[in-house]
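With the first letter of the sequence shown counted as 1, position 166 gets the number 160 in the numbering used here; the numbers rise by one all the way through. From the three backbone atoms N, C-alpha and C, an ideal C-beta is built for every residue, glycine too. Here the structure comes first, spelled out in structure tokens, and everything after it is commentary.
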Amino acid sequence: MLALFGLCFIIGGIWLIVAPSAQGILLAAISMFASAGLLLLNGRIGILLVILIFYGIALVKWYKKYGTVMEHCPSAAMLAQAGELLDKLRKASRMKSTDIIEFSTGDAMACRIWRALLQNNLIVMIVLEARIIGYSIADVYFLPYTGLTIEIERQEILGKWLKATFYVNNQRVKGTILPECYERFEAWKQGYQR
């Protein structure tokens, strides 16, 4: 009986990884709770029961967070346009473009570069994480112009970088920014407020 449960969970897990869907997540959560109920009816209380309950709760939370997004997929044209925009932003240089700012957070072991494209009333921001070879996109933000705030604390002791606190969509991170990027951001924000 337990072997059958195990086989069902392995197949369900592979299915969720290969073809995730909102209904699949909800169905997996219901099956976790049903399996936990069957184990309780058979009088089996153990670590498997606890794992099933916690995994079922995690799947319900995941469904609440991502379910509506998974049900309403964007069109192929929108995905292609977003892909082009993100690729442009990933390859962009803050020195060559006047609408790009960049700041970094973390330390030498966990460096993250935040690169933002300042548009009319929108900030498109990607977070690049250091990998073994180069950087890869770790996160993407589409923010209103009020979604990014920069508070300068002081200038670095060595170099021209400025120590700052960044508020990205109400998330507080500390890092450094070049003075020209900060000035570019402030000029863009002042121009938009007029």
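Going by the beta-carbon positions, is the gap between residue i and residue j smaller than 7 Å?
i    : j    : result
F160 : I95  : no
L80  : L111 : no
A30  : L20  : no
M26  : Y57  : no
Which same chain residues end up closer than 8 Å to residue i when comparing Cβ atoms and leaving out the 5 residues on each side of it in sequence?
i    : result
V162 : W108, M119, Y135, L137, G141 and L142
Q113 : D93
G100 : R106 and G169
Just verifying my parser: in three-state terms, what is the DSSP assignment at residue i?
i    : result
K157 : strand
D101 : coil
G169 : strand
S87  : coil
E145 : strand
D93  : coil
S130 : strand
I45  : helix
E123 : strand
I39  : coil
L152 : coil
At the level of alpha carbons, what is the spacing between residue i and residue j?
i    : j     : result
K59  : A52   : 11 Å
N36  : G18   : 27 Å
I41  : L(-2) : 17 Å
A86  : A28   : 51 Å
L156 : S69   : 41 Å
E150 : M103  : 19 Å
Residues in its own chain within less than 7 Å of residue i by CB, not counting five upstream and five downstream?
i    : result
C105 : S98 and A124
E145 : A158 and T159
L73  : none
Looking only at DSSP bridge pairs, what is residue i linked to?
i  : result
W9 : In the DSSP output, where bridge partners are listed per residue, W9 has none listed.
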